[in-house]
Every structure is written in C-alpha cells, then in structure tokens.
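Mind the numbering: the sequence shown is residues 77 to 244 in my numbering, read in order. Have a look at the structure below, then the notes.
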Amino acid sequence: MITLMSSTYSFQNNLTLEKISTTHQLLRVTEYIQEGLNNKLKTGAVFLDIQKAFDRVWQDGLIHKLINYNTPHYLDKIFHSYVSNRIFAVRVNNELSHTKTIKAGVAQGSKIGPILFALYINDMPKQFNTILSIFADDTAILAGNKNHNYIQIALNRHLKALEDWFAK
77 MITLMSSTYS
87 FQNNLTLEKI
97 STTHQLLRVT
107 EYIQEGLNNK
117 LKTGAVFLDI
127 QKAFDRVWQD
137 GLIHKLINYN
147 TPHYLDKIFH
157 SYVSNRIFAV
167 RVNNELSHTK
177 TIKAGVAQGS
187 KIGPILFALY
197 INDMPKQFNT
207 ILSIFADDTA
217 ILAGNKNHNY
227 IQIALNRHLK
237 ALEDWFAK
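Given below as structure tokens:
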C-alpha cells in the first residue's frame with residue numbers, strides 16, 4: 077500500500093475536493109503561524125512554485141519510484157504505458173506539424189496525472205524543525221522559533237535538502 081506524506085495534496089477533478097485540499101493546506105499554514113504567535117515565536121516561511129512541474133516529471137524515475145512503492149506489477153505496466161511514448165502535434169489554421177515524442181512529464185489535465193505527480197514528489201525531503209505544506213506543485217516551508225537566526229538556518233537547511241533532491 078502506498079502512503080502519501082500528509083503534507084501532500086494533489087488536484088482533484090471534483091471542485092469540492094479541490095477546495096477542501098487547498099483550504100486544508102492554507103489552514104495548516106495559518107494554524108502553524110497562529111500557534112507560534114500564541115507561544116511568542118516568530119515564523120519564517122519560504123513559498124515555492126515548481127515551474128512547469130508536471131511537464132518535468134522524469135518518466136523513468138516515476139516508474140522506478142512506483143516499483144519501489146511495491147505497486148502491483150500490472151499497475152506498473154499500465155502507468156509505464158500511460159507515461160511512455162506519448163506524442164503530440166500542433167495545428168495552426170489548417171497546417172499540422174510533424175509529431176514529436178513527449179520525453180518528460182505527466183498530463184496535468186488528466187485524472188491520473190496529478191496522482192502520479194503526487195507519487196513522484198512523495199519522497200520530497202522533510203527536515204527537523206520545519207514543516208512542509210504541499211498542494212500540487214505549490215510548496216510552503218515554515219519554521220518557528222524565538223531566534224531569527226535559528227529560523228533562517230532551519231529554512232536554509234531545508235532548501236539545501238530540496239536542492240539536492242531536485243538535482244537527483
């Protein structure tokens with residue numbers, strides 16, 4: 077069974093679920109800040125938007141991660157078929173371009189694409205003394221303490237861990 081980290085939410089096609097997921101993450105961030113204020117702590121935050129995140133998913137890496145999650149073999153084959161050897165063409169007026177192979181990414185507008193993206197980022201590093209709040213490709217990292225320097229160090233450590241993770 078695959079368990080998504082609790083800080084991760086992906087898009088849902090049902091508008092109500094999407095709003096709940098977005099609202100839930102916003103509430104987590106707000107509650108963390110409020111709890112800090114109640115305890116006379118300062119809170120620092122870094123907000124990241126992974127540019128073209130769905131388009132940059134390394135397809136072989138995704139399949140490798142799914143295998144490591146011990147997904148049933150038949151699902152691995154289905155997912156591999158879904159993300160591999162996809163093609164596209166562009167039509168302008170009545171002219172159609174030659175087809176090109178899509179070498180990376182998952183389809184964001186599909187039902188399964190956001191789920192595959194959530195599984196792909198499921199091993200995003202977590203750090204002691206920070207919280208990670210993720211909705212699709214938007215990420216917030218928060219740290220709270222009485223000392224500004226401590227907050228800065230904690231956030232920078234988490235950013236370094238993310239930088240190393242993204243470089244894999």
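For every residue, glycine included, the Cβ atom is placed at its ideal position computed from N, Cα and C.
query                                                                                                                                                                 : result
Please give the ranges of any beta strand (DSSP E) in the stretch 168-233, keeping only runs that are unbroken, at least 3 residues long and fully inside the region. : 176-178, 207-211, 214-221
Of the residues K187, D152, G137, which one's Cα is nearest the Cα of E196?                                                                                           : Correcting the residue identity first, residue 196 is Tyr in this sequence and not Glu. It is G137 whose Cα lies nearest to the Cα of Y196.
Per DSSP, D125 is paired with what?                                                                                                                                   : D214
Taking the CB atoms as reference points, tell me whether I191 and T175 lie closer together than 8 Å.                                                                  : no
Could you work out which residue in H149, E111, V182 is closest to A212 when comparing CA atoms only?                                                                 : V182
Helix or strand or just coil, what does DSSP make of T119?                                                                                                            : strand
What residue from N205, S209, K179, L235 has the CA that sits closest to N223's CA?                                                                                   : N205
Tell whether a beta-carbon distance below 8 Å holds between Q228 and G120.                                                                                            : yes
Could you give the distance in angstroms between the alpha-carbon of N161 and the alpha-carbon of R132?                                                               : 15 Å
Return the bridge partner residues of I163 from the DSSP annotation.                                                                                                  : T177
Roughly how many angstroms separate the alpha carbons of N115 and A219, rounded to a whole number?                                                                    : 13 Å
Need the endpoints of the alpha helix (DSSP H) that N144 sits in, please.                                                                                             : 135-144
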